[in-house]
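Residue numbers (UniProt numbering), protein chains in the order written: chain A, 1 to 273; chain B, 1 to 320. For reference, the structure is listed below as structure tokens.
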Amino acid sequence: MLHQYRVRGWTYAVVAVVGLLVLVPFAWMVATALMSPGQTLLVPPKVIPDPATLDGARGVFNRIPYLTLLGNTVVASIGRVIGTLVICTLAAYALAVIKVPGARVILVTVLALIMVPGDIFVVPNFAIISAFGLTDTLVALFLPSIFDVFGVFLLYQFFRGIPRELVEAARMDGASHLRIMTTIVVPIARGGLITLAILTVLAEWKELLWPIVVNRSIDKLTLGPGIALLRGSYTTDYNVLMSAGVLAALPMILIFLVLQKRFIASVARSGLK
Amino acid sequence: MTNLTLRRPEGVADGLRRPAVRRKLARRDTRIGFLFLLPLFAGLLVFRFYGFGYNVWLSFNKAGAFGRARFTGLDNYERLFSDSQLRIALVNTFKFTAIVVPGVVVVSLLCATLMQYRFRGQSAFRAIVFLPAVCLPTAAILLFGWLFQTRYGLINAIIQAAGGSSVSWFGSSAGVTVVITVIVVFLSFSVPTIILYAGMQEISSDIYEAATIDGAGSVRRFFSLTLPLLSPSLFFVVLTTTIGTLKLFDVAYVLLPPEQSASVNFGLTAVYYYYQLAFLNVGDRGYASAVSLLLFVLILAVSIVLFRLQRRFVHYGEDG
Numbered sequence: 001m002l003h004q005y006r007v008r009g010w011t012y013a014v015v016a017v018v019g020l021l022v023l024v025p026f027a028w029m030v031a032t033a034l035m036s037p038g039q040t041l042l043v044p045p046k047v048i049p050d051p052a053t054l055d056g057a058r059g060v061f062n063r064i065p066y067l068t069l070l071g072n073t074v075v076a077s078i079g080r081v082i083g084t085l086v087i088c089t090l091a092a093y094a095l096a097v098i099k100v101p102g103a104r105v106i107l108v109t110v111l112a113l114i115m116v117p118g119d120i121f122v123v124p125n126f127a128i129i130s131a132f133g134l135t136d137t138l139v140a141l142f143l144p145s146i147f148d149v150f151g152v153f154l155l156y157q158f159f160r161g162i163p164r165e166l167v168e169a170a171r172m173d174g175a176s177h178l179r180i181m182t183t184i185v186v187p188i189a190r191g192g193l194i195t196l197a198i199l200t201v202l203a204e205w206k207e208l209l210w211p212i213v214v215n216r217s218i219d220k221l222t223l224g225p226g227i228a229l230l231r232g233s234y235t236t237d238y239n240v241l242m243s244a245g246v247l248a249a250l251p252m253i254l255i256f257l258v259l260q261k262r263f264i265a266s267v268a269r270s271g272l273k
Numbered sequence: 001m002t003n004l005t006l007r008r009p010e011g012v013a014d015g016l017r018r019p020a021v022r023r024k025l026a027r028r029d030t031r032i033g034f035l036f037l038l039p040l041f042a043g044l045l046v047f048r049f050y051g052f053g054y055n056v057w058l059s060f061n062k063a064g065a066f067g068r069a070r071f072t073g074l075d076n077y078e079r080l081f082s083d084s085q086l087r088i089a090l091v092n093t094f095k096f097t098a099i100v101v102p103g104v105v106v107v108s109l110l111c112a113t114l115m116q117y118r119f120r121g122q123s124a125f126r127a128i129v130f131l132p133a134v135c136l137p138t139a140a141i142l143l144f145g146w147l148f149q150t151r152y153g154l155i156n157a158i159i160q161a162a163g164g165s166s167v168s169w170f171g172s173s174a175g176v177t178v179v180i181t182v183i184v185v186f187l188s189f190s191v192p193t194i195i196l197y198a199g200m201q202e203i204s205s206d207i208y209e210a211a212t213i214d215g216a217g218s219v220r221r222f223f224s225l226t227l228p229l230l231s232p233s234l235f236f237v238v239l240t241t242t243i244g245t246l247k248l249f250d251v252a253y254v255l256l257p258p259e260q261s262a263s264v265n266f267g268l269t270a271v272y273y274y275y276q277l278a279f280l281n282v283g284d285r286g287y288a289s290a291v292s293l294l295l296f297v298l299i300l301a302v303s304i305v306l307f308r309l310q311r312r313f314v315h316y317g318e319d320g
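Below is the structure:
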């Protein structure tokens, strides 16, 4: 019921300006991707590629192992999501449902760790991963991030809302905690787990510093750092650079267009107060 | 799992009434609870606590990528004060944050307000606003590098078409600052928009009606009602954007490769400098650790200041 917001002419104008400011850069990326190198170097630039060519995309496949990078990104994302969900669900269940002694202290510690910018310490994490002999592996990409204190807190909030009677009744029926967790708590708090999964995928998608530090060979990198390698050495081939951008950005944009509502709802829930 | 499952349900219910059985069950619950917490604790112990301790230890040593670390006392910390490169990185980082945070707040407030209106194409508008959040940052950064390209870039072409003269965006500190802040705002305004929009949804329309009846115009309503009632969400947005920008790395790294030494200092951020110290060439990891600890303390200090300010400026409802 937001009737106080009446749509006026200027609303459309502002909406159009904002929308164009977001879309025009993307359109320019696609246009450049379809140009030949010569067409990208015209002054003033021509907006429509004529004739359109896929040379840029071919250049991408020649210079970087695009499909390997894409596969690595998928594997790292799935690994990170599964790891995060398992660890956070177990921990949040212990804190919110079992309520282990000292749960409050643990929760305060978790909250404090959320506030502490520990993720800037790349050097020690690299040393630890090296000690495990895991550098240049896909596991190294996501292992340090699955112990996600934010995820614990998020799921804790969801699990806390589950009626106690439901769990008590299952206990009386002789169900084990593992069983209660998988058959009662997780289905009821499904929304929370989906939220955490989406936020985790988006976080993995944006990683750059950690992958380039821990994995030096390009076969073990994800898309973001992989296409970053194209810069510098091929600065003049803008059609190749933009093709790489389109090819790399497209998978997540497609997933987003399908799961739009879930993405937006998940992000709205990340604003924990 | 437990022998409980073998008993008949009624028996368990009877048993639960007896204190001794109950205590035993509670003890078992506790054991299972800590078992469930074990993976989290183990991971945090290794990657957060041991990692932090190792980082502190390393900061008192001279250590490269190879060979053994050598204890050098406070040398690394003394170096922090005389390192002009570090000063550049910190000044840049705080400068970017000071520009990006207000930029993100203004843009996301505007977009969240626009989302409140009912017009045709609203759902498309929401998707468009969210697009930068799902776009691969590297792709967007390469794209903006191309848009701001001095000779062939679209932005200079537009400036020239409008009668201006083309700008060498990467040739000056101010130019790089503009490019970096535009990219960071573009990449990070979507999530705040959604959070502020969700916050606006929670404000009851009764309050607006009352204010309208009392004669408050839409501008007045925005500043006297929306902003104060939205302040918890706004605080969250300011906090996360500030911390995120203080940790900025990807934009500087993709836009300004280390080999372009001419312009790299214009956009050098603290984390980028930390990365260069630790992982480029032979590495200077002892000193890099000291730099990261300084950054860690600075980010914590900024967060604490923001939390202090929150008490004064943020309005929470009576029910908390």
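Glycine included, every Cβ here is placed at the ideal spot set by N, Cα and C. All of these numbers come straight from a predicted model, not from anything done at the bench.
Delimiting residues of the alpha helix (DSSP H) encompassing residue i
{"i": "residue 135 of chain B", "result": "No alpha helix (DSSP H) holds residue 135 of chain B; DSSP gives it neither H nor E."}
{"i": "residue 252 of chain A", "result": "238-258"}
{"i": "residue 338 of chain A", "result": "The shown model of chain A, from 1 to 273, leaves out residue 338 of chain A, and the question about it has no answer."}
{"i": "residue 292 of chain B", "result": "285-313"}
{"i": "residue 172 of chain B", "result": "Taken as a continuous stretch (DSSP letters only), residue 172 of chain B belongs to no alpha helix (DSSP H), as it is neither H nor E."}
{"i": "residue 168 of chain A", "result": "164-172"}
{"i": "residue 102 of chain B", "result": "84-116"}
{"i": "residue 192 of chain A", "result": "190-206"}
{"i": "residue 255 of chain B", "result": "250-255"}
{"i": "residue 260 of chain B", "result": "Residue 260 of chain B -> no alpha helix (DSSP H), and no H or E assigned at all."}
{"i": "residue 46 of chain B", "result": "Here residue 46 of chain B belongs to no alpha helix (DSSP H), and DSSP marks it neither H nor E."}
Within chain B, partners of residue i - CB distance below 9 Å
{"i": "residue 125 of chain A", "result": "47 and 51"}
{"i": "residue 45 of chain A", "result": "152, 153, 154 and 157"}
{"i": "residue 87 of chain A", "result": "39, 40 and 43"}
Three-state secondary structure (DSSP) of residue i
{"i": "residue 64 of chain A", "result": "coil"}
{"i": "residue 62 of chain B", "result": "strand"}
{"i": "residue 159 of chain A", "result": "helix"}
{"i": "residue 70 of chain B", "result": "strand"}
{"i": "residue 12 of chain A", "result": "helix"}
{"i": "residue 116 of chain A", "result": "coil"}
{"i": "residue 181 of chain A", "result": "helix"}
{"i": "residue 280 of chain B", "result": "coil"}
{"i": "residue 203 of chain B", "result": "coil"}
{"i": "residue 209 of chain B", "result": "helix"}
{"i": "residue 215 of chain B", "result": "coil"}
{"i": "residue 43 of chain A", "result": "coil"}
{"i": "residue 140 of chain B", "result": "helix"}
{"i": "residue 31 of chain B", "result": "helix"}
{"i": "residue 7 of chain A", "result": "coil"}
{"i": "residue 101 of chain A", "result": "coil"}
{"i": "residue 78 of chain B", "result": "helix"}
{"i": "residue 245 of chain B", "result": "helix"}
{"i": "residue 137 of chain A", "result": "coil"}
{"i": "residue 332 of chain B", "result": "In the structure as shown, chain B starts at 1 and stops at 320, and residue 332 of chain B therefore has no counterpart that could be examined."}
Alpha-carbon spacing of residue i relative to residue j, whole angstroms
{"i": "residue 271 of chain B", "j": "residue 292 of chain B", "result": "8 Å"}
{"i": "residue 171 of chain B", "j": "residue 196 of chain B", "result": "37 Å"}
{"i": "residue 12 of chain B", "j": "residue 163 of chain A", "result": "Residue placement at residue 12 of chain B is flagged as unreliable, the pLDDT there being 48, under the threshold of 50; the coordinate-derived value follows with that caveat. Residue 12 of chain B and residue 163 of chain A: Cα-Cα distance of roughly 21 Å."}
{"i": "residue 270 of chain A", "j": "residue 75 of chain A", "result": "24 Å"}
{"i": "residue 38 of chain A", "j": "residue 237 of chain A", "result": "9 Å"}
{"i": "residue 75 of chain B", "j": "residue 178 of chain A", "result": "52 Å"}
{"i": "residue 135 of chain B", "j": "residue 49 of chain B", "result": "33 Å"}
{"i": "residue 5 of chain B", "j": "residue 30 of chain B", "result": "Summary for residue 5 of chain B: the model assigns pLDDT 44, below 50, so the residue's position carries little reliability; its value from the coordinates is reported in the next sentence. Computed Cα separation, rounded: 18 Å."}
{"i": "residue 29 of chain A", "j": "residue 187 of chain B", "result": "15 Å"}
{"i": "residue 160 of chain B", "j": "residue 44 of chain A", "result": "9 Å"}
{"i": "residue 46 of chain B", "j": "residue 71 of chain A", "result": "28 Å"}
{"i": "residue 169 of chain A", "j": "residue 159 of chain A", "result": "16 Å"}
{"i": "residue 142 of chain B", "j": "residue 214 of chain B", "result": "52 Å"}
Residue i Cβ short of 8 Å to the ligand SAH heavy atom set
{"i": "residue 202 of chain A", "result": "This structure does not include the ligand SAH; it has no bound ligands of any sort."}
Chain-ordered chain A contacts of residue i [CB-CB under 9 Å]
{"i": "residue 75 of chain B", "result": "None at all; the shortest Cβ gap to chain A is about 17 Å."}
{"i": "residue 33 of chain B", "result": "93, 94, 95, 97, 98, 99, 100, 101, 103 and 177"}
Partner residues on chain B for residue i, Cβ-Cβ distance less than 7 Å
{"i": "residue 28 of chain A", "result": "147 and 154"}
{"i": "residue 262 of chain A", "result": "Result: empty, since nearest Cβ-Cβ is about 12 Å, beyond 7 Å."}
{"i": "residue 19 of chain A", "result": "125 and 128"}
{"i": "residue 206 of chain A", "result": "137"}
Proximal chain B residues relative to residue i, where beta-carbon distance stays under 8 Å
{"i": "residue 242 of chain A", "result": "142, 143 and 146"}
Interface residues of chain A facing residue i [CB-CB closer than 8 Å]
{"i": "residue 271 of chain B", "result": "120 and 209"}
{"i": "residue 195 of chain B", "result": "267, 268, 270 and 271"}
* Could you say if the segment 43-61 of chain B and the segment 277-296 of chain B meet the contact criterion of at least three C-beta pairs nearer than 8 Å? => yes
* **Three CB pairs or more closer than 8 Å across the segment 201-211 of chain A and the segment 246-262 of chain B** => yes
* Between the segment 88-97 of chain A and the segment 32-40 of chain B, are three or more C-beta pairs nearer than 8 Å? -> yes
* To do: Decide yes or no for the touch test of the segment 296-313 of chain B against the segment 116-135 of chain A: beta carbon pairs closer than 8 Å, at least 3 of them.
  => yes
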